[in-house]
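Peer 1: Just dropping this structure here.
And the structure:
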C-alpha cells in the first residue's frame, strides 16, 4: 500500500508540479521544512536524504532565525516551507489566519500516537498537525555539585547559601521568560487562561494576577533581590554557567540535554512552592503543512512513512533529544530512560499551553511584567495588573 501511494504521489509531482512556485522555499515537486534552531534539523535532514534516495524528491531542511515570525509572514503571502515544526500553542492563531492545512488521520494513524498529543494538535474540532514529541521543562542538576536535587524552591535558597562559600550558585534560569517562570505562578493557582468544561479557553479570564500568581512572582523578585539568583540571568548565561560548573541546578527542557553530555546530571521534577508542585507548561511539537504548499501529498508521505516512525524519530533523537515521544511505539523504547520518565511525569501534572491566538498577548505581556517586577520598574502589583489588562483586552 505504501509503495502504491508513493508511486501515485511522485507521479503527480513529476507530471504537474515541475515548476518553481516561489523564491522563498516552496517548489513544486520537492519539500522544504523549517524548524527552530534548537530542534533536530540535522536528524530530519538525514531522514530527508533517505526519502530523496527512495523517491527522487529532494528535501531541504532549514532553521531561519525567528522562524515562527518568518513562517507567519511568508505563509500569509503564499510562500514559506511546505512543512513547519512548532509547538501547538500557536496553532489557533495560524488556523484563524488560514495558514495551516487540516489533516484527517485514519483510525490506524490516530491509534499510533498518544491521545494527549492529538488533542494538542486540534483546533475547533479539526486536526492541524502530526505530533512529534511531548515536552515539559524540569529541574536539571549537576550531581557532582548537589547529590540530591532540591524538592522545593525554598530549599534552593538554603542550598545557595551553602554553595556560595565555594563560589558556586544553587539555581539559575531564564527568569524573565514566561515559559520558564510559569511553574512559580501555577504552583498556587496562577494560570494563562481559564479552561472551560468543554476544553475551550475563556480568553477574558487570565490568572496572571490572582493570589497564586502574585505569590510566585514575589518569590522570584525576592530570589533576585536577596542575591539567590544572578540578576540579569538569561538563557545563554544559564547554559554557560551550568556547563562550566558554576551553578548546581537550572530549569530547562529536553532539547537542551545534548549540551550537558559531559556533565553528571539528573533530570528532576519541578520544585514545589509553599508545598504545591510547580506545574510547567506542556508543549507538543507538531509537524504542520502549509496551506500554500503544492506538495501536501508528498508532505504526508514523508511525515507518516519516513519521519514519524521509530527509525525516523531515532535519527531526530540522536541529533537533539526529543523528550517524550508522541509515537507510542518509540516512546516505549525511550521510557526506560529516567530523564524521559521525569519529562512525562512533569507533563502529566503540567498545564497544556492553550492553542488560542490570545497566547501571543500572554507571552509578551507576562514577559514585560516579569522584567518590570524583577528590575523594580514597577511594583509587583502594578506589573501583574498591567499584564492582566493587556491579556484580557
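Residue numbers (mature numbering (1 follows the signal peptide of the UniProt record, and there is no 0)): -23 to -1, 1 to 370. Here a beta-carbon is modelled for each residue, glycine too, at the ideal position from N, C-alpha and C.
Does residue 235 come out as helix, strand or coil in the three-state DSSP assignment?
Peer 2: In the structure shown, residue 235 sits in a helix (DSSP, three-state: H, G or I).
Peer 1: At a cut of 8 Å, does the region 97 to 112 reach the region 210 to 228 through at least three beta carbon pairs?
Peer 2: As far as the Cβ criterion goes, the region 97 to 112 does not touch the region 210 to 228, which means the pair count is below three.
Peer 1: For residue 253, which of 167, 342 and 32 has the nearest alpha-carbon?
Peer 2: Measuring from the Cα of residue 253, the nearest candidate turns out to be 167.
Peer 1: Could you work out which residue in 244, 49, 90 and 230 is closest to residue 69 when comparing CA atoms only?
Peer 2: The candidate whose alpha carbon is nearest that of residue 69 is 49.
Peer 1: Between residue 354 and residue 348, what straight-line distance do the alpha-carbon atoms span, to the nearest angstrom?
Peer 2: Computed Cα separation, rounded: 8 Å.
Peer 1: If we count the other Cβ atoms within 10 Å of its Cβ and call it buried at 16 or more, is residue 265 buried or exposed?
Peer 2: Classification of residue 265: buried, given that the 10 Å Cβ count is 16 or more.
Peer 1: Would you call the region 325 to 333 and the region 158 to 172 touching, i.e. three or more CB-CB distances under 8 Å?
Peer 2: Yes, they touch.
Peer 1: Are there three or more Cβ pairs, one per stretch, closer than 8 Å when the region 335 to 344 is compared with the region 59 to 73?
Peer 2: Contact holds: three or more Cβ-Cβ distances are below 8 Å.
Peer 1: If you follow the alpha helix (DSSP H) that residue 279 is in, where does it begin and where does it stop?
Peer 2: 273 to 279 is the extent of the alpha helix (DSSP H) around residue 279.
Peer 1: Hey, residue 305 and residue 91: beta-carbon distance below 8 Å or not?
Peer 2: Taking 8 Å as the Cβ cut-off, residue 305 and residue 91 qualify as a contacting pair.
Peer 1: Would you decide whether residue 116 is buried or exposed? Buried here means 16 or more other CB atoms lie within 10 Å of its CB.
Peer 2: It counts as buried.
Peer 1: With DSSP as the reference, please indicate the residues paired to residue 171 in a beta bridge.
Peer 2: Looking at the DSSP assignment, residue 171 forms a beta bridge with 179.
Peer 1: Would you report the Cα separation of residue 324 and residue 54, rounded to the nearest angstrom?
Peer 2: Cα to Cα, residue 324 sits roughly 36 Å from residue 54.
Peer 1: For residue 292, count neighbouring C-beta atoms within 10 Å of its own C-beta (all shown protein chains included) and say buried if the count is 16 or more, exposed if not.
Peer 2: Buried, by the Cβ-count rule.
Peer 1: Residue 201 lies in the alpha helix (DSSP H); which residues open and close that run?
Peer 2: Here the alpha helix (DSSP H) through residue 201 covers 188 to 202.
Peer 1: I'd like the span of the beta strand (DSSP E) that includes residue 80, first residue to last.
Peer 2: Careful: residue 80 lies outside any beta strand (DSSP E) and carries neither H nor E.
Peer 1: Three or more C-beta pairs under 8 Å: does that hold for the region 241 to 255 against the region 117 to 128?
Peer 2: Touching, yes, given that three or more Cβ pairs across the two stretches are closer than 8 Å.
Peer 1: How about residue 236 and residue 146: do their beta carbons lie closer than 8 Å?
Peer 2: No; because the gap between Cβ atoms is not below 8 Å, this pair is not in contact.
Peer 1: Enumerate in chain order the residues of its own chain whose CB-to-CB distance from residue 368 is below 6 Å, with the five nearest sequence positions on each side excluded.
Peer 2: Hits under 6 Å: 183, 338, 339 and 342.
Peer 1: Sorted by chain position, which residues of the same chain lie with C-beta nearer than 6 Å to residue 316's C-beta, five sequence neighbours on each side aside?
Peer 2: Excluding sequence neighbours, residue 316 sits near 244.
Peer 1: Give me the Cα-Cα distance between residue 221 and residue 297, rounded to the nearest whole angstrom.
Peer 2: Straight-line Cα distance between these residues: approximately 20 Å.
Peer 1: Below 8 Å on the Cβ atoms is my contact criterion, and I expect residue 408 with residue 114 to pass it. Report the Cβ-Cβ distance as a whole number of Å.
Peer 2: No answer is possible for residue 408: it lies beyond the span of the chain, which begins at -23 and ends at 370.
Peer 1: Assuming the contact rule is C-beta atoms closer than 8 Å, residue 186 and residue 365 should be a hit. Round their C-beta distance to whole Å, please.
Peer 2: Correct: roughly 4 Å between the Cβ atoms.
Peer 1: Please look up how many angstroms separate the CB atoms of residue 357 and residue 191, rounded, as I've assumed it's under 8 Å.
Peer 2: Yes, they are in contact, since the Cβ atoms of residue 357 and residue 191 sit about 6 Å apart, within 8 Å.
Peer 1: Mapping DSSP to helix, strand and coil, what is residue 135?
Peer 2: In this structure, residue 135 counts as helix in the three-state DSSP scheme.
Peer 1: Thinking C-alpha only, which one of 16, 278, 199 and 119 is nearest residue 39?
Peer 2: Among 16, 278, 199 and 119, the Cα nearest to that of residue 39 is on 16.
Peer 1: Quick one: give me the first and last residue of the beta strand (DSSP E) that residue 108 is part of.
Peer 2: 107 to 113 is the span of the beta strand (DSSP E), which, as asked, contains residue 108.
Peer 1: Use the C-beta contact count for residue 272: other C-beta atoms within 10 angstroms, 16 or more gives buried, fewer gives exposed.
Peer 2: Under this definition residue 272 is a buried residue.
Peer 1: For residue 211, which residues of its own chain have a beta-carbon under 6 Å away from its beta-carbon, when the five flanking residues on both sides are left out?
Peer 2: So the qualifying residues of the chain are 151.
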